[in-house]
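A.B. asks: One structure coming up, written as structure tokens, with questions to follow.
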Amino acid sequence: MIQVWEVDAPTMEKFFQELAREKPVRFTAQQLCSFTANYTTTLGSGGFGMVYKGQFPNGVKIAVKVLNRSSDRQAEEQFMAEVGTIGRTYHINLVRLYGFCYDQFMSALVYEYLENGSLDKYLFSEAREVEWEKLHRIAVGTAKGIAYLHEECVQRIIHYDIKPGNVLLDADFFPKVADFGLAKLCNRDNTHLTVSGYRGTPGYSAPEFLLKNHPITHKCDVYSFGMLLFEIVGRRRNAKVGSNESMDWFPKHVWEEYEKGDLAAMTVACGIEEKDREKAERMSMVALWCVQDSPDSRPPMSAVVKMLEGGVEVISPPKPFHYLYSVGMNVFQQANETGTSSSYATSEEPNSIWYKETTPIMAKYEIQVASS
Ligand SMILES: Nc1ncnc2c1ncn2[C@@H]1O[C@H](COP(=O)(O)OP(=O)(O)OP(=O)(O)O)[C@@H](O)[C@H]1O
Ligand SMILES: [Mg+2]
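Mapped onto UniProt numbering, the consecutive letters of the sequence shown carry residue numbers 1 to 372.
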């Protein structure tokens with residue numbers, strides 16, 4: 001085993017130079033072995049492989065993700081090209097990629113280490129140690145990270161796997177989106193469905209993957225983000241199997257309460273305090289917009305950020321989940337017949353269907369009109 005202090009100074013010098021040039025650094029398998037003290041501490045595992053804790057000789061902590069290698073492994077140049085793209089994608093709400101390793105035996109990615117791990121740990125624990133206001137900030141930050149991937153990168157990056165496990169939190173609970181760009185980089189293991197063309201994690205992936213009634217676009221991430229918002233509002237996993245094997249599905253419950261005008265009561269039932277209620281109701285409405293059946297009806301992430309931040313008035317969302325309300329084999333059949341051939345305009349949508357700009361004066365005016 002190689003010890004951390006055995007990594008020579010010139011190697012580290014080269015590392016800092018490459019970091020300065022904003023290029024992910026190529027490490028050898030031996031170096032990774034040294035950084036992780038021979039892979040002693042596991043942080044977790046997911047669809048791509050295992051994640052280990054480590055540190056550079058200068059003390060900077062890292063997370064090393066060792067990727068599963070399948071028989072049809074990617075060519076080195078393709079791997080390097082993808083890693084190059086991920087490594088040059090910077091935003092405060094995205095996990096930074098420091099480098100990678102690619103040799104005959106292993107492919108691995110070296111990321112910045114985030115002290116508090118992933119959001120799922122806090123969202124689904126009984127302890128409720130993260131207060132609601134902080135969860136709201138996490139939602140906004142996550143939305144900003146995804147908006148950057150979709151709308152500000154030279155080449156749009158679709159994440160394909162937005163979920164609480166892929167939102168990491170630093171020591172101050174500042175959120176950063178993890179694993180962007182990975183979908184293109186490697187095949188996932190079988191914990192993630194692999195129906196042809198299907199990507200992501202069940203429960204978070206958009207209906208168009210299964211129904212094939214719309215082309216797959218960046219709006220699949222908006223859908224998954226909506227599912228994450230429901231989980232923040234409910235502080236529970238969206239799907240729970242009840243004692244009599246019936247499915248308790250929280251998003252459907254939110255829609256039904258919203259339709260009855262009972263969102264406030266629902267937030268009380270979720271244990272959200274009075275002071276956070278307005279934000280929670282808004283978050284529920286944004287979630288309902290994000291999970292619309294038609295990808296075109298879902299707002300772009302920049303609009304989601306605006307709506308969550310609260311500077312605008314969220315327009316009433318229409319009913320989502322038609323495909324589930326009318327579930328039956330013929331839904332799937334029709335979708336298959338339609339296939340993926342439907343042509344779709346990909347032009348930018350007008351913002352106006354999701355929200356209205358508001359000013360205090362406008363709001364006052366509307367109240368007067370309503371009461372006159
Ligand atoms: N950069 C990091 N800093 C700290 N912890 C991390 C980091 N990256 C991953 N982890 C931890 O490792 C766990 C496993 O991550 P991994 O990405 O392999 O699985 P996942 O996110 O649950 O699923 P998926 O493969 O769909 O992304 C995470 O849930 C997180 O707790
Ligand atoms: Mg992950």
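For every residue, glycine included, the Cβ atom is placed at its ideal position computed from N, Cα and C.
Going along the chain, which residues of its own chain have a beta-carbon closer than 7 Å to the beta-carbon of Y122, five neighbours each way excluded?
C.D. replies: Along the sequence shown, read from residue 1 onward, the residue named residue 122 stands at position 122. Correct list, in chain order: E129 and V130.
A.B. asks: Confirm the yes/no value for this check: CB of T41, any heavy atom of ligand 1, distance under 7 Å.
C.D. replies: Locating residue 41 in the sequence shown gives position 41, where the first residue counts as 1. No.
A.B. asks: Alpha carbons only, please: which of N38, V167, Q30 and S125 is nearest the one belonging to A92?
C.D. replies: As a first step, residue 92 must be located in the sequence shown, where it is residue number 92. Position check: residue 92 holds Ile in this sequence, whereas Ala was assumed. The candidate whose alpha carbon is nearest that of I92 is V167.
A.B. asks: Do you know how far the Cα of Q292 is from the Cα of F35?
C.D. replies: On the sequence shown, residue 35 is found 35 positions in, with the first residue counted as 1. On the sequence shown, residue 292 is found 292 positions in, with the first residue counted as 1. In a straight line, the C-alpha of F35 is about 45 Å away from that of Q292.
A.B. asks: Taking only the alpha-carbon atoms, compute the straight-line gap between W354 and F209 and give it to the nearest angstrom.
C.D. replies: Residue 354 sits at position 354 when you count from the first residue of the sequence shown. Residue 209 sits at position 209 when you count from the first residue of the sequence shown. The alpha-carbon atoms of W354 and F209 are separated by roughly 24 Å.
A.B. asks: Tell me which residues share the same chain as Q155 and place their Cβ nearer than 8 Å to its Cβ, disregarding the 5 neighbours each side in the sequence.
C.D. replies: Walking along the sequence shown from the start, residue 155 turns up at place 155. Excluding positions up to five away in sequence, the list reads T85.
A.B. asks: Use the C-beta contact count for S372: other C-beta atoms within 10 angstroms, 16 or more gives buried, fewer gives exposed.
C.D. replies: Along the sequence shown, read from residue 1 onward, the residue named residue 372 stands at position 372. Reliability of the predicted coordinates at S372 is poor, the pLDDT of 36 falling under 50, and no value is obtained from them.
A.B. asks: Would you call the CB atoms of Y160 and G200 closer than 8 Å?
C.D. replies: Residue 160 sits at position 160 when you count from the first residue of the sequence shown. Residue 200 sits at position 200 when you count from the first residue of the sequence shown. For Y160 and G200, yes; Cβs fall inside 8 Å.
A.B. asks: Sorry if obvious, but does the Cβ on Y111 come closer than 7 Å to a heavy atom of ligand 1?
C.D. replies: Within the sequence shown, the letter at position 111 stands for residue 111. Yes, ligand 1 has a heavy atom inside 7 Å of this Cβ.
A.B. asks: Note down, in chain order, each residue of its chain lying with its Cβ closer than 6 Å to the Cβ of K219, except the 5 sequence neighbours on either side.
C.D. replies: Taking the sequence shown and counting its residues from 1, one reaches residue 219 at position 219. The residues are P295 and R298.
A.B. asks: Alpha carbon to alpha carbon, how far is E337 from I216?
C.D. replies: Here residue 337 refers to the residue found at position 337 when the sequence shown is read from its first residue. Here residue 216 refers to the residue found at position 216 when the sequence shown is read from its first residue. The pLDDT assigned to E337 is 38, lower than 50, so where the model puts this residue is not dependable, and the model offers no usable value.
A.B. asks: For V286, collect the residues of the same chain with a Cβ closer than 7 Å to its Cβ; drop the 5 residues on either side in sequence, then sort them by chain order.
C.D. replies: Reading the sequence shown from its first residue, position 286 is the one you call residue 286. For V286, where only same-chain residues beyond five positions count, the Cβ hits under 7 Å are L229, V304, M307, L308 and V314.
A.B. asks: For the beta strand (DSSP E) that A108 lies in, which residues bound it at each end?
C.D. replies: Counting from 1 along the sequence shown, the entry for residue 108 is found at position 108. That run of the beta strand (DSSP E) goes S107 to E112.
A.B. asks: Looking at C-beta atoms only, is the number of pairs between the stretch 139 to 147 and the stretch 162 to 180 that lie closer than 8 Å three or more?
C.D. replies: yes
A.B. asks: Report yes if the C-beta of G117 is less than 7 Å from at least one heavy atom of ligand 1; otherwise report no.
C.D. replies: Indexing the sequence shown from 1 puts residue 117 at position 117. The answer is yes for G117.
A.B. asks: Between the C-alpha atoms of S246 and A171, what's the straight-line distance to the nearest angstrom?
C.D. replies: If you number the sequence shown from 1, residue 246 lands on position 246. If you number the sequence shown from 1, residue 171 lands on position 171. Taking the straight line joining both Cα atoms gives about 39 Å.
A.B. asks: Ligand 1 and T201: does the residue's C-beta get closer than 7 Å to at least one heavy atom of that ligand?
C.D. replies: Here the question's residue 201 lines up with position 201 in the sequence shown. Yes, the beta carbon of T201 sits closer than 7 Å to at least one heavy atom of ligand 1.
A.B. asks: Check whether the stretch 256 to 271 touches the stretch 103 to 121, taking contact to mean three or more Cβ pairs, one atom from each stretch, closer than 8 Å.
C.D. replies: no
A.B. asks: V66 and A108 - do their beta-carbons sit closer together than 8 Å?
C.D. replies: Start at 1 with the first residue of the sequence shown, and residue 108 comes out as number 108. Start at 1 with the first residue of the sequence shown, and residue 66 comes out as number 66. Contact: yes.
A.B. asks: Tell me whether G311 is buried or exposed, calling it buried when 16 or more other Cβ atoms sit within 10 Å of its Cβ.
C.D. replies: One-based indexing of the sequence shown puts residue 311 at position 311. By the neighbour-count rule (16 or more Cβ atoms within 10 Å), G311 is not buried but exposed.
A.B. asks: Measure the CB-CB distance between Y258 and L288 and report whether it falls below 8 Å.
C.D. replies: In the sequence shown, counting from the first residue as 1, residue 258 sits at position 258. In the sequence shown, counting from the first residue as 1, residue 288 sits at position 288. Yes, these two residues count as a Cβ contact at 8 Å.
A.B. asks: Relative to ligand 2, is the shortest distance from any of its heavy atoms to the C-beta of A178 smaller than 7 Å?
C.D. replies: For the purposes of this step, residue 178 is taken as the residue at position 178 of the sequence shown. Indeed, a heavy atom of ligand 2 lies less than 7 Å from the Cβ.
A.B. asks: Please classify E278: is it buried, with 16 or more other beta-carbons within 10 angstroms of its beta-carbon, or exposed?
C.D. replies: Taking the sequence shown and counting its residues from 1, one reaches residue 278 at position 278. E278 comes out exposed.
A.B. asks: Name the one or two DSSP bridge partners that G101 has.
C.D. replies: Translated into positions along the sequence shown, residue 101 becomes position 101. The sequence shown places Cys at residue 101, not Gly. Partner(s): A108.
A.B. asks: May I ask you to list the residues that DSSP assigns as paired with L94?
C.D. replies: Position 94 of the sequence shown, counting from 1, holds the residue named residue 94. V177.
A.B. asks: Quick check on D161: does DSSP put it in helix, strand or coil?
C.D. replies: Position 161 of the sequence shown, counting from 1, holds the residue named residue 161. D161: coil per DSSP, three-state reduction.
A.B. asks: Would you list the one or two residues that DSSP bridges to G54?
C.D. replies: Counting from 1 along the sequence shown, the entry for residue 54 is found at position 54. DSSP, once it has assigned bridges, lists I62 as partnering G54.
A.B. asks: Rounded to the nearest angstrom, what separates residue 405 and I157 at their Cα positions?
C.D. replies: Nothing in the structure corresponds to residue 405, since the chain is present only between 1 and 372.
A.B. asks: Relative to the C-alpha of L263, which residue among P317, P164 and V83 is closest?
C.D. replies: By 1-based counting over the sequence shown, the position of residue 263 is 263. The shortest C-alpha separation from L263 is found at P317.
A.B. asks: Give me whichever residues DSSP pairs with R26 in a beta bridge.
C.D. replies: Translated into the one-based positions of the sequence shown, residue 26 becomes position 26. The partner list for R26 (beta bridge, DSSP) reads F100.
A.B. asks: Considering E231, what are the terminal residues of the alpha helix (DSSP H) in which it resides?
C.D. replies: Locating residue 231 in the sequence shown gives position 231, where the first residue counts as 1. Unbroken alpha helix (DSSP H) run through E231: K219 to G234.
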